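Visitor: Residue numbers (the working numbering), protein chains in the order written: chain D, 3 to 127; chain W, 3 to 127. Where a beta carbon is used, it is the ideal one built from N, C-alpha and C, also for glycine. Fair warning: this is a prediction, and the values are worked out from it, not measured in the lab.
Protein chains: 2
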Amino acid sequence: MKSIRISEAESRVMRYLWDCGSATASEVVDALAEANDWTEATVKTLLNRLKNKGALAVRADGRRYVYTPKLVREDWLLDESTDLVDRLFDGRLAPLVSHFSSHGRLSDSDLAELRALIERLDDGR
Amino acid sequence: MKSIRISEAESRVMRYLWDCGSATASEVVDALAEANDWTEATVKTLLNRLKNKGALAVRADGRRYVYTPKLVREDWLLDESTDLVDRLFDGRLAPLVSHFSSHGRLSDSDLAELRALIERLDDGR
DNA sequence: CAAATTAAATTACATCTGTAATCAACCATA
DNA sequence: TATGGTTGATTACAGATGTAATTTAATTTG
């Protein structure tokens, strides 16, 4: 039950794998090394740690390995965001939204999106 | 300009000091040690690290010290929450709210609060 | 004043994280 | 078949973090 803890760097690797479903180490290297200024070795380390933590499943494909997320993205997102909202805003979303807004971090389109969402939710109740 | 990085444990100390304005070490110990299962030494360490990071100001009051936040809570909240929303939801709030809602993490009162907030914001535009 | 108490500073140490070099196993080729 | 390249595994190492014991300096008390 204890949710797997993913570090910042590891989360970038997970993000990529979540996006593409699964990939070999070299695909991950190609996709992330340059952008993050990592060497190949660093990416390999992250993949390994993720594997050891049980966040990734590995399947042999000939001489190479294919990594696939075992940790469910939705679960992780919820864990992380719940944790932050709990820690920073006592678990309440409105203060967070308000905070964003009062610091000019809420664009018109964000607002529109939120309004649509709230309306939809209201209807559902 | 580099925003001060506060660890999880440190943030609990900051939270207390933000709430009460300022306090002596022993007041912080009394308030937090038990609840967090920390010894006095641990609290002192956290206070010291916070002081070294420049997150706290210290003022001597007779033989003891009074610790006061130098880091502004609002700034920190914004940094932390912006960081999370950026990392997890591409900087967009609506997906976060939607995510919460779809996992039953949005109570009726949260929703009401959000609705009120959105309306207020709408009016302001 | 010497001894005990208190409070802050220093030091400690294991784990986690970022970052990477090196090692080992497996293939392909000269 | 020996050699070198590819790929995953192991080892490394510094800085951050959680957690705390020890030391030192100041204070109160017998």
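Taking L98(D) as the query, report the chain W residues whose CB atoms sit under 7 angstroms from its CB, ordered along the chain.
Guide: One-based indexing of the first sequence puts residue 98(D) at position 96. Going along chain W in sequence order, the residues near L98(D) (Cβ under 7 angstroms) are S83.
Visitor: Quick one: give me the first and last residue of the beta strand (DSSP E) that A59(D) is part of.
Guide: Here the question's residue 59(D) lines up with position 57 in the first sequence. Its beta strand (DSSP E) spans residues L58 to D63.
Visitor: Let me see if you follow: with CB-CB separation under 8 angstroms, is D39(D) close to chain W or not?
Guide: Residue mapping note: residue 39(D) aligns to position 37 of the first sequence, counting from 1. For D39(D), the answer is no, since every Cβ of chain W falls outside 8 angstroms of its Cβ.
Visitor: Kindly list, in the order they appear in chain W, the residues whose Cβ is closer than 8 angstroms to that of R94(D).
Guide: Working through the first sequence from its first residue, we reach residue 94(D) at position 92. Near R94(D) (Cβ distances below 8 angstroms), the residues of chain W are D112 and E115.
Visitor: Note the first and the last residue of the continuous beta strand (DSSP E) segment covering R7(D).
Guide: Sequence index remark: in the first sequence, residue 7(D) carries index 5 (1-based). Segment: none, R7(D) is in no beta strand (DSSP E) and carries neither H nor E.
Visitor: In this structure, how does DSSP classify T84(W) when only helix, strand and coil are distinguished?
Guide: Position 82 of the second sequence, counted from the first residue, corresponds to residue 84(W). In the structure shown, T84(W) sits in a helix (DSSP, three-state: H, G or I).
Visitor: For chain D, find out if any of its Cβ atoms is closer than 8 angstroms to the Cβ of I120(W); answer yes or no.
Guide: By one-based count along the second sequence, residue 120(W) stands at place 118. Taking Cβ atoms only, chain D reaches closer than 8 angstroms to I120(W), which makes this a yes.
Visitor: According to DSSP, is R66(W) helix, strand or coil?
Guide: The residue given as residue 66(W) occupies position 64 in the second sequence. DSSP places R66(W) in strand when its eight states are reduced to three.
Visitor: Tell me, which residues are paired with A25(W) by DSSP?
Guide: Position 23 of the second sequence, counting from 1, holds the residue named residue 25(W). DSSP lists Y69(W) as partners of A25(W).
Visitor: Leaving out the 5 sequence neighbours to the left and right, which residues in its chain are closer than 7 angstroms to K46(W) when beta-carbon positions are compared?
Guide: Translated into positions along the second sequence, residue 46(W) becomes position 44. Cβ neighbours of K46(W) beyond the five flanking positions: A27.
Visitor: Hey, quick one: how far does the alpha helix (DSSP H) through R122(D) stretch, first residue to last?
Guide: Position 120 of the first sequence, counted from the start, is the residue given in the question as residue 122(D). Element bounds for R122(D): D110 to D125.
Visitor: With 8 angstroms set as the bound, which would you pick, yes or no: does the beta-carbon of L73(W) sit closer than that to a beta-carbon of chain D?
Guide: Taking the first residue of the second sequence as position 1, residue 73(W) is located at position 71. No, L73(W) lies away from the interface with chain D (no Cβ there is under 8 angstroms from its Cβ).
Visitor: Does the separation of the CB atoms of F102(W) and L108(W) fall below 8 angstroms?
Guide: To locate residue 102(W), count along the second sequence from 1; it is residue 100. To locate residue 108(W), count along the second sequence from 1; it is residue 106. The answer is yes: Cβ separation under 8 angstroms.
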